[in-house]
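Below you'll find the structure, written out as C-alpha cells, and then a few comments.
There are 2 protein chains.
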Amino acid sequence: MLTEKKRVYRFGGKIADGDATMRELLGGKGANLAEMCKIGLPVPAGFTITTECCTEYYQLGGGFSEELKREVAEALAFTEKTMGKKFGDPNDPLLLSCRSGARSSMPGMMDTILNIGLCSATIPGMIKKTGNPRFVYDAYRRLIMMYSDVVMEKAEGIEPADGQGIRQQLDRMMEDLKKAKGYESDIDITAEELKTLSEQFKQKVKDVLGVDFPDSAEAQLWGSIGGVFKSWNGKRAIAYRRIEKIPDDWGTAVNVQSMVFGNMGESSATGVAFSRNPATGENKFYGEWLVNAQGEDVVAGIRTPNPLNEDTKTDQTRNLQSLEKAMPTVYAELDEIRLKLEDHFHDMQDIEFTIQEGKLWMLQCRVGKRTGIAALQMAMDMLGEGMIDERTAVMRVSPAQLDEILHPVLNPESEKKAGAIAHGLPASPGGAVGQIVFTPADAMAFAAQNKKTILIREETSPEDIEGMRASTGILTQRGGMTSHAALVARGWGKCCIVGCDGMHLDTAGKKVRFPGIDRVFTEGDYISLNGSKGIVYEGQIDTIDASENPLFVRFMNIVDKYRRLGIRTNADTPEDAVKALQFGAEGIGLFRIEHMFYGRNSDVPLMKLRKIILADNEEERKHALDELLPFMKASIKSTLKIMDGKPVTFRLLDPPLHEFVPKSEEKKEELARELGIKVSDIDLRSEQLHESNPMMGHRGVRLHVSFPAIAKTQYRAIFEAAAELLREGLNPQPEIMIPVTVSARELTFQRAICDLVKAEVAAAHYPIDIKYSFGTMIETPRAALTSDRMARSAEFFSFGTNDLTQMTFGFSRDDVGTFMGDYLGNKIIDSDPFQTIDTKGVGKLVEYSVQGGRCKRPELKCGICGEHGGDPESVKFFNKIGLDYVSCSPFRVPIARLSAAQAAIEQEI
Amino acid sequence: MLTEKKRVYRFGGKIADGDATMRELLGGKGANLAEMCKIGLPVPAGFTITTECCTEYYQLGGGFSEELKREVAEALAFTEKTMGKKFGDPNDPLLLSCRSGARSSMPGMMDTILNIGLCSATIPGMIKKTGNPRFVYDAYRRLIMMYSDVVMEKAEGIEPADGQGIRQQLDRMMEDLKKAKGYESDIDITAEELKTLSEQFKQKVKDVLGVDFPDSAEAQLWGSIGGVFKSWNGKRAIAYRRIEKIPDDWGTAVNVQSMVFGNMGESSATGVAFSRNPATGENKFYGEWLVNAQGEDVVAGIRTPNPLNEDTKTDQTRNLQSLEKAMPTVYAELDEIRLKLEDHFHDMQDIEFTIQEGKLWMLQCRVGKRTGIAALQMAMDMLGEGMIDERTAVMRVSPAQLDEILHPVLNPESEKKAGAIAHGLPASPGGAVGQIVFTPADAMAFAAQNKKTILIREETSPEDIEGMRASTGILTQRGGMTSHAALVARGWGKCCIVGCDGMHLDTAGKKVRFPGIDRVFTEGDYISLNGSKGIVYEGQIDTIDASENPLFVRFMNIVDKYRRLGIRTNADTPEDAVKALQFGAEGIGLFRIEHMFYGRNSDVPLMKLRKIILADNEEERKHALDELLPFMKASIKSTLKIMDGKPVTFRLLDPPLHEFVPKSEEKKEELARELGIKVSDIDLRSEQLHESNPMMGHRGVRLHVSFPAIAKTQYRAIFEAAAELLREGLNPQPEIMIPVTVSARELTFQRAICDLVKAEVAAAHYPIDIKYSFGTMIETPRAALTSDRMARSAEFFSFGTNDLTQMTFGFSRDDVGTFMGDYLGNKIIDSDPFQTIDTKGVGKLVEYSVQGGRCKRPELKCGICGEHGGDPESVKFFNKIGLDYVSCSPFRVPIARLSAAQAAIEQEI
C-alpha cells in the first residue's frame, strides 16, 4: 500500500512535478508533458496519476485511496488556477481529457476520453460562454460516445450480446439521422438536432448497458480514471502483456489534462508536425494542419490537411494555405518551439498542437519515427550541427534502416493500396517486381530478352542457381529462413520469399494459385514481392531505390571507428569477393570449395567430381582428382589474389556426395556417355549414396576421413595457388577450415595430411615459404563441448551457427516450415533461431566453446560464418562473448559493421 | 637415469625379491613367477629385469648401464646357485630362457627364446651330462631358429627383401631335409643330421643377415635381453600401443629363467591345467599333458594331449592315459599346488607346468579365462566355499558373460571349423540358424510350417515387424547398431546382424551373394548367424543354450543387494512387460504410444491414425481421434495392470506422421477405399509430409504443439485407464513423458493441456483421485542445456541418449554405416557412440543437465531410456553421475542389473 509516496504529479504554466526521466512512474506521455512544461512550452495544465496507483487500485479491490482522492483534488485546484476556470463551474466550466499512459503505448489500453465535465449543470454556462451551442452539443455527443464505449462498456468487460457494441449502435443512430435528413457530413447536423441526439444517446446507453450515463463532472472524472485502470486488465491488454512479457504489476498512469479546442472557429486549428522531414531527413520543419478542427480530424483523413509552411509545399499541396501564411505569429512561435525541442532532446521530434482562438497549445512531443534514409541524413546532419556526438550518430541508424537503404523497396504508399495475395517468410529483404516463371531455364530465357522475372519454385536446389541469378525475385513454396533459396538470395542481396505454403503450385503446368485471390496465374503474369515482410502482391508495384545517398560512406567510416569485431564475408566467387570488398569486408570468412561445382562455368569441374564419385577404385579416383586440381587451383587463386593481404578461409568440401549425382534422366545419360558407363551404374551408386538424414550423414570431414585423397587434392590446390602468388610477389593469407568435426582426432588426422601436402608443395617451390592457418568449423554440439581438445590442433574456430542451431534444436532447416509457425504463434520460441541466435541454448554452447578453446590456446581466433553473422541482435551477442570477427554475405557486410559498432558502444556504457 | 633403483628382481627356491602386486615394474609374468616362489611352489630360478630398464636402454641409445650389468651378474649367480649349475659351464651348463613381460601381453612383442647358453663350448658337456646328443642338437637348432628370427632379424627391424624371413628359410631347409630322407616327422631326424643342419643353419644366418650367430652363452644372453627391449619399439608393437593408447614409456620387463625340459624321456612331461573346468565351472582339476614333450607341443596340437585325471575323461579321451595314473606322485603334488593357488589367489588359475625327469616345475600361473556359465558357477561355488565374499562374486561375472548365458549361441568349436562368408555389425547377440527368406510374408509363411528362418532385408521398417518376429534371426544390408532392425531385435533378444554391406542382395529376385563364398543363395538355403560377433556362416551350425542354470536367480538376488540404480525396461506390449518383470524390471521406463500402430492387431488403430493424418479439418480429425481413444486406452490399461504398483512411463507419439502413411500401392488403395478418398489425395498428403531430414523434423512434442487434439486424446487414454484401474482397486503409477523437447515452454504448454484433461477425467470419475508424474525426454542438446528451466515443469527427466547422441555428433544412426567403419578404423572415435555412451560429449551434456535440473528441483528423478541403458560401460557412467534409474529392453534387464551392481561396488571402493 502506498503511504509515503507522491501519487499525483502536476504540470502546467512553467511548473511540473515530474520530468522526462520519470517514464516508469508517469508513463511516456505524462513524463513528456511534464518535460515540455519544464522547458517553458505552452501545455494545457493537468496532472498525472502514477502507475503505482494502478496497482493500488487493484489492491483495494477496484477503489481509490483517500490519499489519492486528496492529491487529485489538490492537483485539480492547481489546474483550475492555472487555466483560470473551474471544473464543474456552471458558468465557465473547465473541461478535461483523460488518457492512459503506460511506459510504452499498448494495444487494448483505453486511449482517450475528451470533454469530461459536460453535463446538464455545465452545458448552459458553456453555451453562454462560447456563444456556440452547436460546438457544445457536438462536444457533448462525442463525450457520450467515447465514455459509454470505453468506460462503461469496454473497461467493465461487457461483451455486447449481438456483437454490436454501444459505439456501433450510437454511430448507426447518427448515420440514420443524417440519412433521414439527407446530410452528407457531420458538419451539417444542427445544434438542435445534436441536442436531441445526445438525449437519445443517453437513453440508448441506459437501455443497452443498464446504467445511466453520469450527469456530473465529478462522476465522469472518477469514472474515467477508474476506466483507465480497468483497461489495464482488459482482455487484449493482458494478452499483449503475455506476449511481450510485460509484468502485470507495471500498471498504467492516468493523464488528466485541460481541454483546448481547435474547432472554435477560424482562429482555431490543430496539427501534427515533425521537427525535420521524417521521410527524407531534410532539416525543414514539416507538418500538416487543419483550421477549425479537432486532432482526430487530421489523423482520420476526412479532410485533406494543409501544409505547415511554404517551403515544404508539394505539387499536391501547392494551392493549400500554409500555417506560415495563415497565422504567421503562431507559426513563428511553433517554429521556435521546434528548435527548442530539438535543442533540448537532441533528436527529431514528432509533435501535436492545437490553436484555440489564436493561442498555441502543445499537446504531445516524442521522438519521431523516420525512414532509413531520413535516419542516415538526420544523424549526419545533427553530427555536423554539433547536436550529437559520433557515438550517438552511430546509434541513430538502426540496422533495419541501413538494410532499407541498401535494397530497393516497394513503395509503401502503393503497397497500402494493393491487397496481399499471399504471405510467406521474409527470406531476403527488398522489393521485386516481375513476370512469373516456373523453371530456371525460363528465367534465363526471359532475362535474355531483358524481362524481369520472379522465379516460383517448390523449393530450389543447386541446379537452379543460374535461373535464380537471372531472376529479379524468388518465391518458394517450401523451406525456411535458411533454406537453399533464402541463403543464396540473401547472399546476392536478391529479394526472396520462402515457405509460401498457401500457394497451389503446378510447376509442370506452369500455373499457380494464390490464397488471397481467385484467379490462376500463368507464366508471364506480373506479381510483386515485399521480401522484407514476406508479402506477395498481384501486378506491378512501383519501387524506391534509396541506396544512392553519398552520406552512406561517410557514416560507415564513423561506424568503423567504434567497432571491435572484425567483419568478413562469405564469398565463393571472385565477383562476390569484389562486391564484399566494396562493402568493407576485411577478409573472407567462408569460401566453400564446393561452390565451383554449382552455377556458371561449373560443367567441366562438376563432371570431374562426378567421375571421382563414380570411380570404381582408388586408381580411377586419383586420376579424376588430378584432372580436377587445375580447376580448383584457378578458382582459389583468383580469390586469394583479389583478397591479397587479407585472410581467406577455405572450407573443405562439405555436402554429401549424393548432392552431386545428377537426378534428371537427361543429365544421367550425358554423364554415362561421358564416363563410358551405364545409367544403371549411376542409379546404383546414387542408391548406395542415398541417406535418410543427409544433414547428419556422410559429409564434411567425414568424407575426408573416408577419402583422404579428396582432402589432399584440396590442400594441394590451396598451397599451389598460394605458392604461385607468393612468387608473383603477392601476400596470400589462406586459412584451411575443416567442417562438421566432432572429435579433436579428426583434426590431428587431417592436419597430418595437410602438413604433408604443404611440405611437398613447399619443396617444389623452394625457397618459397607458405604460411597458413589451420582451424575448424564448430558446428556440431560435440565439437563445441570438446573445444579444449579441438584447440590443440586448431588455430581458429569458426562457428557454423546454422548447423549448430539445427543440431542443438534438432530442427532440420529444410523441414522447420511445418511447425515453426506454430512455435512462434504459441510463443514457445521468441524468434526463429535460424535468424537470431538462440542465446540460451546455441549461444551458451558457443560461449562455452570459446572459453574452452582459449583456455588451451589463448590466442585462438574465433569467428562465426553462419547466417547469424548478418543479424544485428546476434552480432551484439557475438560481440559480448568476445568473438574476433563475424562473417556474412556481401550484402549484409555494412549491416554487420553497424551492428558491431552499436554493440560495442552499448556494451562500453 | 636410474641410479638408486633396483633393476633386477630374483626368484627361485622359496625366495623372490618381487611379488604379484608389482606388475608395473615386473610385468604380469614376472610378478606371478615371484609370487609362486613366495608361496613355495617349485619355479625354475631366474630373474626379472624391470620395465624401467627398458626406458633406460633407450635413454642410453640402446645400451646397458653398468649397474644393470652388475645386477644381472649377481642375479645370474643366484640362479646358478639355486639350480646347482653354471651358465656357460662346459661340463654341466645351465640353459636359460628369455621372455618379454609387459604389464599385459602385447602383440608384436618378442615372445620367447629358449635354450640360451648352447654353443660350441657347452654342447659337448651337455651331451655328456644328458647322454642324449639328439636332444642337445634338437635344442640347439631350436635356439638358432628362434634367436635368428626374433633377436637378429625382427628386433633389428630387418625387412626380408623377398618377403621370406630367416625363419621361413630355415623351416624350408628342415622340410627339404625331411623330404630328401623321406621322414614324416621331426622326430625321425637323427642326432647327426641335426648337428649338420645346425651348422647349415648358422651359415644361412650369416648369408642372409650378414652377421654370425653368436657362439657364446654371454653374447646370447645379452643379445636376447637387448632383443626384448628392441621389440618394444617394433613396428607392430608401436602400432598396437597407438591404438590401445599405451604410453611409450611404460617399457617391457625381461624374464630370464632357467630351462627345464619336458622332453628328456618317459619320466619327463609338460602340460597346461585349470584349477576348475573353464567351460562348465565345475570344481574339478582340468587339464592336458604330454609325456616327453615341450610346452609348444601341447599348444600346437600336433599330438593329441592326454587328460590330466580320471575324473575329467571324456568319450574322446577315454583311452588315453591320465597324469594321475601315469605319475601319481607328481599328480598329487600338482593337485596340492592347485589347491594352494586357489587358496592364495581366490580365483580359478590357469597354469603351465613341466616335469623334468620326475621333478615338477611350475612355469606360469594366471587367472584363467572362462565361459559365461563357468563364471557364474565358479562365483557361486567359491561364495559357497567361503573363498570369496558377495561383492567379489558379483564382480566375477562380466556383463558379457551374463549376456552369453542369456542367449543361445553358436557352438564355438563348430564355428572355428566353419568359414565366415560375410561380416556385419553385431546388432543383437546370440546365435541363429535358419533358412533364408527375403520378405516378411515369406518369414511368416515358413514359420507357419515351423521352419526356422533368417530374414534378409536391405533394411527393415515398421511394416516388417511381424515377419521379423516370425524369423529366428535377422540380417540386413544397411543400418547401424541402432537401426530399426537392431533396436527391435535387441528388444526381443533376437539374434541380428546389420550393416552387412558386402552382401549383394536382390530382394525382388530372392537371391543373395556373400563376399566370402562364390555361390548364389536362394530362398530356403541355410545360413547361421553369430550376432555377438557379426559373422555369417554357410549352412547349419549347432547351437548351445546355457540359460537354464538354476544358479542364475540366486546370483541375481545377490547382485540386487549391491546396486543403487533402479532398473526399468522399455516395453510397449503386455507380453514385453511380463517378460521384463520376469527378468527383474522395476518399472517401465519407456512405453512408446506409437507401438500400437505397428505389429500384431495394429490394423484397426493404424487405420484410425491414418484417418487423423488425412483429415481435412479439425472436425474430421476430432472424430477420428474419438474412434482411436478406446484402442489406445485398452493398450495402456493392460500394461498398467501388469505393472500394478510400478511406474510406467508413457511417451507421447513421437515419429513424424509420414511414417504412418502407407507406401505400397496396394495399401494406399485399401486406405483410399476405407476413407472414401482418392489415392492421389494420399499421395498429395504424403508429399506434403515428406521431410528432407525426418530425424530433425515435425515429430515428438512438435506434433502436439501443432495438433493439441492429438495430445489430448493420449492424455485422456492414460487418465481414463488409470481411473478405471483405481476403481478396480489397483494402484496404477502412470508417468507422462514429452518427447523431443527443446524449450521449457513446450512443457508448460503441454502440462496445461494435460492438467485440463486430467481434471475432466477426474470430475467424471469423482471421487477417484488420479496421481501422475509429468516429465520430459531430454534428447536434444538444447533441452540438456536448458535443463534448469525444463525442471520447472518436469518432475522427471529421461535421457533419450540415442537421439541425443545423433544430434550431439550430427550422426544419423540410419546413415552412420557409411563412415563409422572409417572412424573406428582410424581410431578417430574409440567406440561406436550408439553402443557405449560418449562420456566426453554426450555424457557431459547428460551430467550438466542432471545438475542443472536438480539445482532447480532437488527431488528431480533422472533416468535414461536410450539403448545405452543396457550397455555395461554406459551403466557405470550413469551410476557415477547419479542417475536414479536406467531403462533397457527386457532381455538386457539382467545385464543392466549386474552392470549397476558392479558400478556401485567399483565406485564405493
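From first to last, the protein sequence lines are chains R and D. Counting from 1, position 417 in the first sequence corresponds to residue 501 in the numbering used here; the numbering is continuous, with no gaps. Counting from 1, position 383 in the second sequence corresponds to residue 467 in the numbering used here; the numbering is continuous, with no gaps. All residues carry an ideal CB built from backbone N, CA and C; glycine is no exception.
Exercise for the section: Alpha carbon to alpha carbon, how far is Ile677 (chain R) from Tyr799 (chain R)? Give it in angstroms, no decimals. Expected result: A straight-line Cα-Cα distance of about 11 Å links Tyr799 (chain R) and Ile677 (chain R).
Practice task
Under 8 Å between beta-carbons, which chain D residues line up against Leu869 (chain R)? List them in chain order, please.
Solution key: Within chain D, the residues near Leu869 (chain R) are Thr892, Lys924, Gly925, Lys928 and Leu929.
Handout entry: Where Glu372 (chain R) sits in the DSSP three-state scheme
Key = Glu372 (chain R) falls in the strand class under three-state DSSP.
Problem - Coarse secondary structure for His774 (chain D), derived from DSSP in three states - result: DSSP, reduced to helix, strand and coil, places His774 (chain D) outside both helices and strands of the structure shown, so it counts as coil.
Exercise for the section: Please list the partners that Gly937 (chain D) has in chain R, where partner means a Cβ-to-Cβ separation under 9 Å. Expected result: Here the premise fails: no neighbours, minimum Cβ distance about 15 Å.
Handout entry: Through-space distance from Ser188 (chain D) to Arg450 (chain D), alpha-carbon basis
Key = Straight-line Cα distance between these residues: approximately 12 Å.
Practice task
Kindly give me the distance between the Cβ atoms of Pro391 (chain R) and Thr455 (chain R), rounded to whole angstroms, as I take these residues to be in contact under 8 Å.
Solution key: In this structure Pro391 (chain R) is not in contact with Thr455 (chain R), their Cβ atoms being roughly 19 Å apart against a cut-off of 8 Å.
Handout entry: Distance, Ala984 (chain R) Cα to Pro956 (chain R) Cα
Key = Answer to the nearest angstrom: the Cα atoms are 8 Å apart.
Practice task
Pull up the distance between the alpha-carbon of Pro389 (chain D) and that of Phe358 (chain D), whole angstroms please.
Solution key: Roughly 15 Å separates the two Cα atoms.
Exercise for the section: Please report how far the alpha carbon of Ala104 (chain D) lies from the alpha carbon of Gly909 (chain D), in whole angstroms. Expected result: Spanning the two alpha carbons is a distance of roughly 35 Å.
Handout entry: Where Leu635 (chain R) falls: helix, strand or coil (DSSP)
Key = Helix.
Handout entry: Cβ-based burial, Met85 (chain R) [other Cβ within 10 Å; buried from 16]
Key = Confidence at Met85 (chain R) is low in this model, with a pLDDT of 44, below 50, so the placement of that residue should be treated as unreliable; the coordinate-derived value is given next. Looking at its Cβ environment, which holds fewer than 16 other Cβ atoms inside 10 Å, Met85 (chain R) is exposed.
Exercise for the section: Please decide whether Ile913 (chain D) counts as near chain R, where near means a Cβ-Cβ distance under 9 Å. Expected result: Ile913 (chain D) counts as touching chain R.
Problem - Enclosing alpha helix (DSSP H) for His788 (chain R) [first to last residue] - result: Val785 to Ser790 is the extent of the alpha helix (DSSP H) around His788 (chain R).
Practice task
Taking Asp872 (chain D) as the query, report the chain R residues whose CB atoms sit under 7 Å from its CB, ordered along the chain.
Solution key: Around Asp872 (chain D), no beta-carbon contact reaches into chain R at under 7 Å, the shortest distance being about 10 Å.
Handout entry: Assigned secondary structure, Thr723 (chain R) (DSSP; H/G/I helix, E/B strand, else coil)
Key = In the three-state reduction of the DSSP assignment, Thr723 (chain R) falls in the helix class, which pools H, G and I.
Handout entry: Whether Ala846 (chain R) touches Ile837 (chain R) by CB criterion (9 Å)
Key = No; because the gap between Cβ atoms is not below 9 Å, this pair is not in contact.
Handout entry: the segment 895-907 of chain R: positions lying closer than 7 Å to chain D by Cβ
Key = Taking 7 Å as the Cβ-Cβ cut-off against chain D, the residues of the segment 895-907 of chain R that qualify are Phe895, Ser896, Asp898, Asp899, Thr902, Phe903, Asp906 and Tyr907.
Practice task
Measure the alpha-carbon distance for Leu37 (chain R) versus Leu649 (chain R) and round it to whole angstroms.
Solution key: Look at the range of chain R in this structure, 85 to 993, and you will see that residue 37 (chain R) is not part of it.
Handout entry: Near-chain R residues of the segment 531-547 of chain D - C-beta to any C-beta below 8 Å
Key = Residues of the segment 531-547 of chain D with a C-beta less than 8 Å from any C-beta of chain R: none at all.
Problem - Proximity of Gly112 (chain D) and Gly185 (chain D) at Cβ, strictly below 9 Å - result: Against a cut-off of 9 Å, the Cβ pair of Gly185 (chain D) and Gly112 (chain D) comes out as a contact.
Problem - chain R residues whose Cβ lies nearer than 9 Å to that of Phe522 (chain D) - result: Near Phe522 (chain D) there are no residues of chain R at all, since even the closest Cβ is about 17 Å away, more than 9 Å.
Practice task
Report the residue ranges of all beta strand (DSSP E) runs contained in full by the segment 124-202 of chain D; include only those spanning at least 3 residues, in chain order.
Solution key: Runs of the beta strand (DSSP E) lying entirely within the segment 124-202 of chain D, each at least 3 residues long, are 130-133, 180-185 and 196-200 in chain order.
Practice task
Assign Cys946 (chain D) to buried or exposed, taking buried as 16 or more other Cβ atoms, counted over all protein chains shown, within 10 Å of its Cβ.
Solution key: For Cys946 (chain D), the number of other beta carbons within 10 angstroms of its own is at least 16, and it is reported as buried.
Handout entry: Start-end ranges of the alpha helix (DSSP H) lying completely within the segment 609-681 of chain D, minimum 4 residues
Key = As summarised for the segment 609-681 of chain D, the continuous alpha helix (DSSP H) elements at least 4 residues long and confined to that stretch are 635-646 and 658-666, given in chain order.
Practice task
Assuming Asp899 (chain R) and Glu775 (chain D) form a contact by the criterion Cβ under 8 Å, report the distance between their Cβ atoms to the nearest whole angstrom.
Solution key: Correct: roughly 4 Å between the Cβ atoms.
Practice task
State the Cα-Cα distance for the pair Asn963 (chain R) and Ala987 (chain R), rounded to the nearest angstrom.
Solution key: When rounded, the separation of the alpha-carbon atoms in Asn963 (chain R) and Ala987 (chain R) is 7 Å.
Problem - Reduced DSSP category for Met210 (chain R) - H, G, I as helix; E, B as strand; rest coil - result: Under the three-state reduction of DSSP output, Met210 (chain R) falls in the helix class.
Practice task
Report all residues from its chain with a CB closer than 7 Å to the CB of Glu670 (chain D); omit the five preceding and five following residues, and keep chain order.
Solution key: The answer, listed in chain order, is Gly650, Ile651, Arg652 and Lys730.
Problem - DSSP state of Met528 (chain D) mapped onto helix, strand, coil - result: Here Met528 (chain D) sits in helix by DSSP.
Exercise for the section: Check whether the segment 290-304 of chain D touches the segment 140-147 of chain D, counting contact only when three or more Cβ pairs, one atom from each stretch, lie closer than 8 Å. Expected result: The answer is no - the segment 140-147 of chain D does not touch the segment 290-304 of chain D, with fewer than three Cβ pairs under 8 Å.
Practice task
Report the rounded CA-to-CA distance for Ile880 (chain R) versus Tyr932 (chain D), giving the unit in angstroms.
Solution key: The amino acid occupying residue 880 (chain R) in the given sequence is Phe; Ile does not appear at that position. Distance between the alpha carbons of Phe880 (chain R) and Tyr932 (chain D): 26 Å.
Exercise for the section: Counting only the same chain and skipping the five closest in sequence on each side, list residues whose C-beta sits under 8 Å from that of Gly937 (chain D). Expected result: Same-chain partners within the cutoff: Ser871, Asp872, Met874, Ala875, Ala878, Phe881, Leu944 and Cys946.
Practice task
Output the distance between the C-alpha atoms of Ala806 (chain D) and Lys453 (chain R), rounded to the nearest integer angstrom.
Solution key: Between the alpha carbons of Ala806 (chain D) and Lys453 (chain R) lies a distance of about 59 Å.
Exercise for the section: Please work out which residues of its chain come closer than 8 Å, Cβ to Cβ, to His742 (chain R), disregarding the five sequence neighbours upstream and downstream, and give them in chain order. Expected result: The residues are Ser770, Leu773, His774, Glu775 and Pro778.
Handout entry: Contact with chain D by Phe598 (chain R), beta-carbon distance below 9 Å
Key = At a cut-off of 9 Å between C-beta atoms, Phe598 (chain R) does not count as an interface residue with respect to chain D.
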